[in-house]
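Q: So that we are looking at the same thing, I have put the structure below in structure tokens.
Number of protein chains: 2
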Amino acid sequence: MEISEKNQSFVYHFGEMGSKWGFNRTVGQMYALLVITENPLTANELASALSISRGNVSMGIKELQSWQLVQVSHIPGDRKEYYRAIGSVWDMANTVFEERRKREVDPTLSVLRNLLLEAPQDESEVYAQQRMQDIHDLLEMVTSWAAELQRLSPEQLGTLMKLGAGVSKMLSVKQQLFSNKKD
Amino acid sequence: MEISEKNQSFVYHFGEMGSKWGFNRTVGQMYALLVITENPLTANELASALSISRGNVSMGIKELQSWQLVQVSHIPGDRKEYYRAIGSVWDMANTVFEERRKREVDPTLSVLRNLLLEAPQDESEVYAQQRMQDIHDLLEMVTSWAAELQRLSPEQLGTLMKLGAGVSKMLSVKQQLFSNKKD
DNA sequence: ACGAACTTTCAGACATTTCTGAAAGTTTAG
DNA sequence: CTAAACTTTCAGAAATGTCTGAAAGTTCGT
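In the order they appear, the protein sequences are chains Y and R.
With this note's numbering applied, the first sequence corresponds to residues 41 to 223, in that order.
With this note's numbering applied, the second sequence corresponds to residues 41 to 223, in that order.
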């Protein structure tokens, strides 16, 4: 299988970028190709389209499955497995974020929680614990906020996003009301 | 210089994590150590505390400076350079996000924009362009939203975060009103 | 039970990234 | 100008990550 020149530059670019997002170059390319291809592809098609070995495709697919990003389907009377990207672009972004959170943020939070349980032994550990607490709080805030966003429907998200600059206005009104009450 | 056992596990963990966030293990360790240490450190102190070479520290500092995460200071009568982490934890997170956006999202947006300018040559390119458009729109939305968040003060952010589940309620009310108007 | 059509695994080749340490560069004091 | 006290650079060593392709494994129809 060959790819058109235009699609190729997309696929290659995603290969480079993908490697910054937690998977390697060929996995990025495979995923990009699956996303822009309407009909499902076989492992051999992926291998020939990207000029990589059959074995590499097999491992890449496994990786993408662990990220819950691809789906396997079958065609009656055909033994081959056909792969396609799962869900909408928004679903994909959601999945990648959640996966990254599980792999990167959650372990950090757990390390921080353990370290914060122990009593500081000296001056320097007091300061260190304060900084760890800051980081812990920030990560928890971001995590719960992200969970909240994931619960929203795509339409609600669109509304929220379009709100744009409105958010800060809304907040400043809210805060003024709040501080007035206190006085 | 030695680090206490507790601080060491923090530093090492951040080394591992840091490598997933765009810089390598030792750079992550250096940064973690600077964050939890109140007084500025010299390059030699960093090297001995982390058991890495002096040259490596020099390159790491350069990297951290390119991320705008460390500051150099001097002590009168002392030739050495003293390094410390810049700003609050929130500032750090902001900086890292912005830096990552510049390095990862912006180039992708530019590639996508170029590809979307050209007319599709066939059926398959039409579909491909639709997916590229989806990704483009999503990235733009996220980018502008992130820019908006950065403009908020830490306090406003706190309010917004604490709003939590409130956001979806607020939005659903807003949308009901909106759809009523349409009827 | 056998063979055809497929997929997965994994040892070793290859590629990339990171690290060291010696040498070169810079700055300041005298 | 020179020496001392520092920092930076960079070639090559070490470590890590990726890819290939042959062999082993799986599944299905007969």
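For glycine and all other residues, C-beta sits at the position ideal for the given N, C-alpha and C.
List the residues of chain Y whose Cβ lies closer than 8 angstroms to the Cβ of R/Y167, in chain order.
A: Chain Y residues near R/Y167: I76, T77, E78.
Q: Quick check on the DSSP output: the alpha helix (DSSP H) that includes R/S184 runs from which residue to which?
A: Counting along the chain, the alpha helix (DSSP H) containing R/S184 begins and ends at 163-191.
Q: I need the straight-line Cα distance from R/H180 to R/S150, nearest angstrom please.
A: First, the residue type needs correcting, since residue 180 of chain R is Glu and not His in the sequence shown. Each residue's alpha carbon lies about 11 angstroms from the other.
Q: Are the segment 171-186 of chain Y and the segment 152-162 of chain Y touching, with three or more C-beta to C-beta distances below 8 angstroms?
A: Yes, the segment 171-186 of chain Y touches the segment 152-162 of chain Y.
Q: Buried or exposed, going by whether 16 or more other CB atoms sit within 10 Å of the CB of R/K46?
A: Buried: at least 16 other Cβ atoms inside 10 Å.
Q: Can you find a CB in chain R that lies within less than 8 angstroms of the CB of Y/S44?
A: Yes, contact with chain R.
Q: Taking Cβ-Cβ distances below 7 angstroms as the criterion, which residues of the segment 131-148 of chain Y are in contact with chain R?
A: Residues A133, E144, T148.
Q: Could you please tell me which residues of the segment 57-72 of chain Y, in chain order, have their CB closer than 8 angstroms to any CB of chain R?
A: From the segment 57-72 of chain Y, only M57, K60, W61, G62 have a Cβ closer than 8 angstroms to chain R.
Q: What number of angstroms, rounded off, separates the C-alpha of Y/Q169 from the C-alpha of Y/S113?
A: Going from the Cα of Y/Q169 to the Cα of Y/S113 covers about 51 angstroms.
Q: Does any residue of chain Y have a CB that is nearer than 8 angstroms to the CB of R/E85?
A: No, R/E85 lies away from the interface with chain Y (no Cβ there is under 8 angstroms from its Cβ).
Q: Check the Cβ of R/L81 against every Cβ in chain Y and list those closer than 9 angstroms, keeping chain order.
A: Simply none; closest approach about 12 angstroms.
Q: Step through the CB atoms of chain R and report whether any lies within less than 8 angstroms of the CB of Y/Q161.
A: Yes, Y/Q161 counts as interfacial toward chain R.
Q: Return the chain-ordered ranges of every alpha helix (DSSP H) run that is complete within the segment 104-162 of chain Y and spans a minimum of 4 residues.
A: The segment 104-162 of chain Y contains these whole alpha helix (DSSP H) runs: 129-140, 146-157.
Q: What are the boundary residues of the alpha helix (DSSP H) that includes R/G62?
A: Segment: none, R/G62 is in no alpha helix (DSSP H) and carries neither H nor E.
Q: Excluding the five sequence neighbours on either side, which residues of its own chain have a C-beta within less than 7 angstroms of the C-beta of R/L86, listed in chain order?
A: Only M70, L73, V97 meet the Cβ criterion.
Q: Mapping DSSP to helix, strand and coil, what is Y/T82?
A: In the structure shown, Y/T82 sits in a strand (DSSP, three-state: E or B).
Q: Just mark Y/M41 as buried or exposed, buried being the case when its beta carbon has 16 or more other beta carbons within 10 Å.
A: So Y/M41 counts as exposed.
Q: When we look at the beta-carbon of R/E165 and count the other beta-carbons within 10 Å, is it buried (16 or more) or exposed?
A: Counting Cβ neighbours within 10 Å, R/E165 comes out buried, since at least 16 surround it.
Q: For the 8 angstroms Cβ check, are there 3 or more pairs between the segment 102-122 of chain Y and the segment 132-144 of chain Y?
A: Verdict: yes, contact present.
Q: If you compare alpha carbons, which of Y/S184, Y/Y167, Y/A125 is closest to Y/D146?
A: Nearest of Y/S184, Y/Y167, Y/A125 to Y/D146, Cα basis: Y/S184.
Q: Would you say R/L178 faces chain Y, with C-beta separation under 8 angstroms as the test?
A: Chain Y, which has a Cβ nearer than 8 angstroms to the Cβ of R/L178, makes this yes.
Q: Specify the secondary structure class of R/E195 as computed by DSSP and reduced to three states.
A: Residue state, collapsed to three classes: helix.
Q: Count the other CB atoms within 10 Å of the CB of Y/M132; is the residue buried (16 or more) or exposed (fewer)?
A: Buried, by the Cβ-count rule.
Q: Measuring alpha carbon to alpha carbon, tell me which of R/R140, R/R143, R/L104, R/K142 ends up nearest R/I126.
A: Closest by alpha carbon: R/L104.
Q: Taking only beta-carbon positions, decide if Y/S106 is within less than 8 angstroms of chain R.
A: Judged by the 8 angstroms Cβ criterion, Y/S106 is not in contact with chain R.
Q: Beta-carbon of Y/R171 versus every beta-carbon of chain R: anything under 8 angstroms?
A: Taking Cβ atoms only, chain R reaches closer than 8 angstroms to Y/R171, which makes this a yes.
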